[in-house]
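Asker:
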Amino acid sequence: MTRTPLLAVLALLLTTVAVAPEAEARPRPKSGKRFEANKTFGLGLEIGTPFGLTGKWFLAADRALQFGVGTIYHWRDRDGVNAYLDYLWHPVSLASNPAFELPLYFGVGGRVWNVDDYRFKDDRYNDGVYGIGLHVPVGIAFDFNNVPLDIFIQVAFVLDYYLGDYDRTVYGDVNVSAGIRYWFD
Numbered sequence: 473m474t475r476t477p478l479l480a481v482l483a484l485l486l487t488t489v490a491v492a493p494e495a496e497a498r499p500r501p502k503s504g505k506r507f508e509a510n511k512t513f514g515l516g517l518e519i520g521t522p523f524g525l526t527g528k529w530f531l532a533a534d535r536a537l538q539f540g541v542g543t544i545y546h547w548r549d550r551d552g553v554n555a556y557l558d559y560l561w562h563p564v565s566l567a568s569n570p571a572f573e574l575p576l577y578f579g580v581g582g583r584v585w586n587v588d589d590y591r592f593k594d595d596r597y598n599d600g601v602y603g604i605g606l607h608v609p610v611g612i613a614f615d616f617n618n619v620p621l622d623i624f625i626q627v628a629f630v631l632d633y634y635l636g637d638y639d640r641t642v643y644g645d646v647n648v649s650a651g652i653r654y655w656f657d
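Residue numbering for the sequence shown follows our numbering, beginning at 473 and increasing consecutively.
1. Compute the Euclidean distance between the alpha carbons of Gly542 and Val584, then round it to the nearest angstrom.
2. Could you spell out the range, first to last residue, of the beta strand (DSSP E) harbouring Asn647?
3. Quick one: what's got a C-beta closer than 8 Å to Thr512's C-beta in the same chain, skipping five residues either side?
4. Over the uninterrupted beta strand (DSSP E) stretch that includes Leu566, give me the two end residues.
5. Check this for me: beta carbons of Ala613 and Asp622, under 8 Å apart or not?
6. Of the choices Leu606, Val580 and Phe616, whose alpha-carbon is the least far from that of Leu560?
7. Using DSSP with H/G/I as helix, E/B as strand and the rest coil, what is Phe624?
8. Is the Cβ-Cβ distance between Gly636 and Gly605 less than 8 Å?
9. For Gly552, which of Asp588, Gly651, Glu508 and Asn617 has the nearest alpha-carbon?
10. Kindly indicate the opening and closing residues of the beta strand (DSSP E) around Phe530.
11. Assuming contact is defined by CB atoms lying nearer than 8 Å, are Gly651 and Phe624 in contact in what I supplied?
12. By the three-class DSSP mapping on this structure, what secondary structure does Gly636 have?
13. State the start and end residues of the unbroken beta strand (DSSP E) segment that holds Glu518.
14. Rounded to the nearest angstrom, what separates Ser649 and Gly527 at their Cα positions?
15. Between the alpha carbons of Leu525 and Ile519, how many angstroms are there, rounded?
16. Shortest alpha-carbon distance to Pro620 belongs to which of His607, Lys505, Ala571 and Thr521?
17. Excluding the 5 residues preceding and the 5 following Lys505 in the sequence, name in chain order all residues of the same chain whose CB lies nearer than 6 Å to its CB.
18. With a cut-off of 8 Å on the beta carbons, I'd call Phe578 and Tyr556 a contact; round off their distance for me.
19. By the 10 Å Cβ neighbour count, where 16 or more other Cβ atoms means buried, how is Arg653 classified, buried or exposed?
Below, the structure written as structure tokens:
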């Protein structure tokens, strides 16, 4: 993958943030180290495994739905389009000050993806295999209070079940990604 598309997306995102009006962030309740969201819905870019679009929708002060659609490119000799949906809990804020919160989160969800395997076996490649699986993310978000952005890094443990002609039917793995989201509300 060349750097030009990535730099173009990053430039577009930074331009959007620069021209956006300053956010009117709701104050967070003072409740010790417990994290409470002051935003509702955000969309952004996720880089890593997968690479694509990500979104988060807070259902309550400390619970959210996280989703993503993107590609997995040549990860352990496999490519494919990946979609996931997770239910997240934000039990604690690791750091808190007037500018930002640093919540720890974990969750459970599922994913689906089409798999193209580039390992040559039995005189062919395994193309067109579909996988469904368990997706268990653990992460940290740098959640700004006065700017409608958050930056996150997460590790997701996955357990996939492959449908179709594949050399294994169950496969466990670890996906690592980082991202940025713009919050609309």
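Every residue, glycine too, gets a C-beta built ideally from N, C-alpha and C.
Quick caveat: nothing in here was measured; it's all calculated off a predicted structure.
Answerer: If we stick to the structure as given:
1. Val584 has its alpha-carbon roughly 11 Å from the corresponding atom of Gly542.
2. Val642 to Trp655
3. Trp529, Phe530, Trp655, Phe656 and Asp657
4. First-last of the beta strand (DSSP E) with Leu566: Arg550 to Ser568.
5. yes
6. Val580
7. strand
8. no
9. Residue Asp588 is the option with its Cα nearest to Gly552.
10. Phe523 to Phe530
11. yes
12. coil
13. It spans Phe513 to Gly520 - the beta strand (DSSP E) in which Glu518 sits, taken as one unbroken run.
14. Looking at the two C-alpha atoms, the distance is approximately 14 Å.
15. 9 Å
16. Ala571
17. Val564 and Ser565
18. Not really, about 14 Å apart at Cβ, beyond 8 Å.
19. The residue is buried, with at least 16 neighbouring Cβ atoms inside 10 Å.
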